[in-house]
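Chemist: Residue numbers (this note's numbering): 11 to 493.
Every residue gets a Cβ at the ideal spot worked out from N, C-alpha and C, and that includes glycine.
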Ligand code: ARG
């Protein structure tokens, strides 16, 4: 072993080992190719740990100063791309520690006092994920704003609401978009909740049993911002649990999966709506691609890929759950496999949310300050579709109920009226009054008001309903909430 550092991971613990690792085993066991993205969290954790070691008189102030100087240098090297990541040093932790020791000597070797890579990696992943959750929550807010702005432009646009993908009742397009705002608002709440449990400190658990050094774990937690809403330090209370469980990653994977499922449902609708058969909307060309053989095609690649990537994120959740299920306490190397699914989940989710905000709401044109290039709507196509499927039949039934008919009888009467309309090839609103009155003598001229799409919408003026007045109230609520 060279005087000041170790060059191979075996040198970090080596005396016991009598043969070197084969290249294959090295590659199989190493994580540095992917866990190097935890470097900022790793350095933040080390700085907090070192400061505390000094405050507790476990290391000297000179050692602390050397560690701080060395880690500042490591930061510069990593940021500028000159840091040499070595497969021989297995992971991000050993790579950084070895370089630190090379730079500052013995102080670097004292950094690991009272610490193990087991509590170190658990801390790093939690710190990293906490930051990513904050970014995802911000992106979710942007997507919600895009949807709310688009909804506001289209409160009075009517499209058929479907059940079983059969025309059911007319709804406001704004109302339809706000349904997704509700979903993404819940996704955001779920993530805030996951963040609370993620933001707990494992350091101090050491390898699995705690440590004999008088560490001040709460101090470390506070300096890393691992505090609750009241400012109290959040520290993992059981060392075995602290180093071994990855439930916070699983929870994140679940919240991300639910969010992607919401995205996927929206994607499916966008794909349907922009098909020739619907012709309800267009999305900007930059989110579509052409076909190499069929010159007329514009394919909705972005929503299709988002729908496809949902499978990948849900798959990562399954991977994380399965990774955990057979593990006895405490740390096992299995846990190294938590990183790639977690990283890919974060990357996929963030890119998807970004691209959807832009695809739905458009992008700010710096010249005008206005957003451009969002979803464009064909209100006529939507209305024509809503007029096709006898979407106001329920309104006729409700009209008869208001005249005193029991609902079940009204339902039956309307079924007969619809049958007659179908056989004449007309909409309910096109049946002459005299014909209507054959079904029920109490029907009067005002029936045509409820049979119109707009009349139908206005009637649903109840909290959560599709009447434009309600939709406008919801838009205001969301705007206030989203700021
Ligand atoms: N690279 C490891 C991981 O990601 C760090 C912890 C290693 N601990 C150990 N005892 N081998 O889990």
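Spell out the partners DSSP gives residue 243 in its beta bridges.
Modeler: The residue labelled residue 243 in the question sits at position 233 within the chain shown. In DSSP, residue 243 forms a bridge with 237.
Chemist: Tell me whether residue 103 counts as near the ligand ARG, meaning its Cβ is closer than 7 Å to at least one heavy atom of that ligand.
Modeler: As a position in the chain shown, residue 103 is number 93, starting the count at 1. Yes, the beta carbon of residue 103 sits closer than 7 Å to at least one heavy atom of the ligand ARG.
Chemist: Output the distance between the C-alpha atoms of residue 167 and residue 390, rounded to the nearest integer angstrom.
Modeler: In the chain shown, residue 167 corresponds to position 157, counting from 1. In the chain shown, residue 390 corresponds to position 380, counting from 1. Between residue 167 and residue 390, the C-alpha separation is close to 9 Å.
Chemist: DSSP three-state label for residue 93, please.
Modeler: Here residue 93 corresponds to residue number 83 of the chain shown, with the count starting at 1. If DSSP states are grouped into helix, strand and coil, residue 93 belongs with coil.
Chemist: Assuming contact is defined by CB atoms lying nearer than 8 Å, are residue 44 and residue 353 in contact in what I supplied?
Modeler: For the purposes of this step, residue 44 is identified with residue 34 of the chain shown, where counting begins at 1. For the purposes of this step, residue 353 is identified with residue 343 of the chain shown, where counting begins at 1. Yes, they are a contact pair.
Chemist: By Cβ distance below 7 Å, which residues in the same chain neighbour residue 340 in space, the five residues on each side in sequence not counted?
Modeler: Your numbering for residue 340 matches position 330 in the chain shown. Within the same chain, residue 340 has close Cβ partners 218, 250, 253 and 254.
Chemist: Quick check on this structure: which residue in 288, 292 and 312 has the alpha carbon closest to the alpha carbon of residue 299?
Modeler: What you label residue 299 is simply residue 289 of the chain shown in a count that begins at 1. The option with the nearest alpha carbon to residue 299 is 312.
Chemist: Going by the C-beta, is residue 292 closer than 7 Å to any heavy atom of the ligand ARG?
Modeler: For this step, residue 292 is matched to residue 282 along the chain shown. It does not: the Cβ of residue 292 is nowhere closer than 7 Å to a heavy atom of the ligand ARG.
Chemist: Could you tell me how far apart the beta carbons of residue 42 and residue 100 are, in whole angstroms, since I believe they sit closer than 8 Å?
Modeler: Within the chain shown, the letter at position 32 stands for residue 42. Within the chain shown, the letter at position 90 stands for residue 100. Correct: roughly 6 Å between the Cβ atoms.
Chemist: For a test of your reading of the model: does the CB of residue 360 fall under 7 Å from any non-hydrogen atom of the ligand ARG? Yes or no.
Modeler: For the purposes of this step, residue 360 is taken as the residue at position 350 of the chain shown. Residue 360: no, Cβ never under 7 Å from the ligand ARG.
Chemist: Between which two residues does the alpha helix (DSSP H) harbouring residue 441 extend?
Modeler: Here residue 441 refers to the residue found at position 431 when the chain shown is read from its first residue. That residue, residue 441, is in no alpha helix (DSSP H); it is neither H nor E in DSSP.
Chemist: Look up residue 480 in the DSSP assignment and say whether it is helix, strand or coil.
Modeler: Stepping through the chain shown from its first residue, residue 480 is reached at position 470. In the structure shown, residue 480 sits in a helix (DSSP, three-state: H, G or I).
Chemist: Would you kindly report the start and end of the unbroken alpha helix (DSSP H) that includes residue 25?
Modeler: Counting from one through the chain shown, the residue named residue 25 turns up at place 15. Run containing residue 25: none; DSSP gives neither H nor E here.
Chemist: If you follow the beta strand (DSSP E) that residue 168 is in, where does it begin and where does it stop?
Modeler: Position 158 of the chain shown, counting from 1, holds the residue named residue 168. Here the beta strand (DSSP E) through residue 168 covers 168-173.
Chemist: Does the beta-carbon distance from residue 230 to residue 58 come in below 8 Å?
Modeler: Along the chain shown, read from residue 1 onward, the residue named residue 230 stands at position 220. Along the chain shown, read from residue 1 onward, the residue named residue 58 stands at position 48. For residue 230 and residue 58, yes; Cβs fall inside 8 Å.
Chemist: Assign residue 400 to buried or exposed, taking buried as 16 or more other Cβ atoms, counted over all protein chains shown, within 10 Å of its Cβ.
Modeler: Numbered from its first residue, the chain shown carries residue 400 at position 390. Its Cβ being crowded by 16 or more others within 10 Å, residue 400 is buried.
Chemist: Thinking C-alpha only, which one of 328, 86 and 348 is nearest residue 135?
Modeler: Along the chain shown, one-based indexing puts residue 135 at 125. Among 328, 86 and 348, the Cα nearest to that of residue 135 belongs to 348.
Chemist: Hey, is the region 180-196 in contact with the region 469-487, meaning 3+ C-beta pairs nearer than 8 Å?
Modeler: These segments touch.
Chemist: Using 10 angstroms around the beta-carbon of residue 452, count the other beta-carbons present and answer buried if the total reaches 16, otherwise exposed.
Modeler: Translated into positions along the chain shown, residue 452 becomes position 442. Exposed: under 16 other Cβ atoms inside 10 Å.
Chemist: Mind checking which residues open and close the beta strand (DSSP E) that includes residue 178?
Modeler: For the purposes of this step, residue 178 is taken as residue 168 along the chain shown, with counting starting at 1. Per DSSP, residue 178 belongs to the beta strand (DSSP E) from 176-182.
Chemist: Using only the alpha-carbon positions, how far apart do residue 105 and residue 96 sit?
Modeler: Sequence index remark: in the chain shown, residue 105 carries index 95 (1-based). Sequence index remark: in the chain shown, residue 96 carries index 86 (1-based). Residue 105 and residue 96: Cα-Cα distance of roughly 7 Å.
Chemist: By DSSP, does residue 63 sit in helix, in strand, or in coil?
Modeler: The sequence position of residue 63 within the chain shown is 53, counting from 1. Looking at residue 63 - three-state DSSP - the assignment turns out to be helix.
Chemist: Just confirm the distance between the C-beta atoms of residue 386 and residue 292, as a whole number of angstroms; I'd bet it's less than 8 Å.
Modeler: Position 376 of the chain shown, counting from 1, holds the residue named residue 386. Position 282 of the chain shown, counting from 1, holds the residue named residue 292. With a Cβ gap of about 5 Å, residue 386 and residue 292 count as contacting.
Chemist: With a Cβ-Cβ cutoff of 8 Å, do residue 485 and residue 161 count as a contact?
Modeler: Taking the first residue of the chain shown as 1, we reach residue 485 at position 475. Taking the first residue of the chain shown as 1, we reach residue 161 at position 151. Result yes, Cβ atoms of residue 485 and residue 161 sit closer than 8 Å.
Chemist: For my contact list, residue 375 and residue 382 are in at a C-beta cut-off of 8 Å; report their separation, rounded to the angstrom.
Modeler: Here residue 375 refers to the residue found at position 365 when the chain shown is read from its first residue. Here residue 382 refers to the residue found at position 372 when the chain shown is read from its first residue. That pair is a contact at about 5 Å.
Chemist: Excluding the 5 residues flanking residue 225 on each side, which residues of the same chain have their C-beta closer than 7 Å to its C-beta?
Modeler: The sequence position of residue 225 within the chain shown is 215, counting from 1. For residue 225, where only same-chain residues beyond five positions count, the Cβ hits under 7 Å are 62, 66, 124 and 214.
Chemist: With distances taken from CA atoms, which of 331, 248, 281 and 285 is nearest residue 315?
Modeler: Taking the first residue of the chain shown as position 1, residue 315 is located at position 305. Per the Cα distances, 281.
Chemist: Would DSSP call residue 337 helix, strand or coil?
Modeler: If you number the chain shown from 1, residue 337 lands on position 327. Three-state result, residue 337: coil.
Chemist: Give the straight-line distance between the Cα atoms of residue 142 and residue 493, rounded to the nearest whole angstrom.
Modeler: The count along the chain shown starts at 1 and reaches residue 142 at position 132. The count along the chain shown starts at 1 and reaches residue 493 at position 483. Answer to the nearest angstrom: the Cα atoms are 21 Å apart.
Chemist: Tell me whether residue 308 counts as near the ligand ARG, meaning its Cβ is closer than 7 Å to at least one heavy atom of that ligand.
Modeler: Translated into the one-based positions of the chain shown, residue 308 becomes position 298. Every heavy atom of the ligand ARG is 7 Å or more from the Cβ of residue 308, so no.
Chemist: So, for residue 40: in the same chain, excluding its five sequence neighbours on each side, which residues have a beta-carbon less than 6 Å away from its beta-carbon?
Modeler: As a first step, residue 40 is located in the chain shown; it is residue number 30 there, counting from the start. Here the set comprises 97 and 100.
Chemist: Just to check, is the beta-carbon of residue 127 closer than 7 Å to a non-hydrogen atom of the ligand ARG?
Modeler: Against the chain shown, residue 127 aligns to sequence position 117. Flag set: Cβ of residue 127 near the ligand ARG.
Chemist: Just the C-alpha distance for residue 318 and residue 193, rounded to the nearest angstrom, thanks.
Modeler: Here the question's residue 318 lines up with position 308 in the chain shown. Here the question's residue 193 lines up with position 183 in the chain shown. Rounded to the nearest angstrom, the two C-alpha atoms are 19 Å apart.
Chemist: Should residue 139 be labelled buried (16 or more other beta-carbon atoms within 10 Å of its own) or exposed?
Modeler: Stepping through the chain shown from its first residue, residue 139 is reached at position 129. It is buried - the Cβ of residue 139 has at least 16 other Cβ atoms within 10 Å.
Chemist: Taking 8 Å as the threshold (C-beta atoms), are residue 410 and residue 402 in contact?
Modeler: On the chain shown, residue 402 is found 392 positions in, with the first residue counted as 1. On the chain shown, residue 410 is found 400 positions in, with the first residue counted as 1. No. Outside cutoff.
Chemist: Using 7 Å as the cut-off, classify the Cβ of residue 45 as near or not near the heavy atoms of the ligand ARG, replying yes or no.
Modeler: To locate residue 45, count along the chain shown from 1; it is residue 35. Flag set: Cβ of residue 45 near the ligand ARG.
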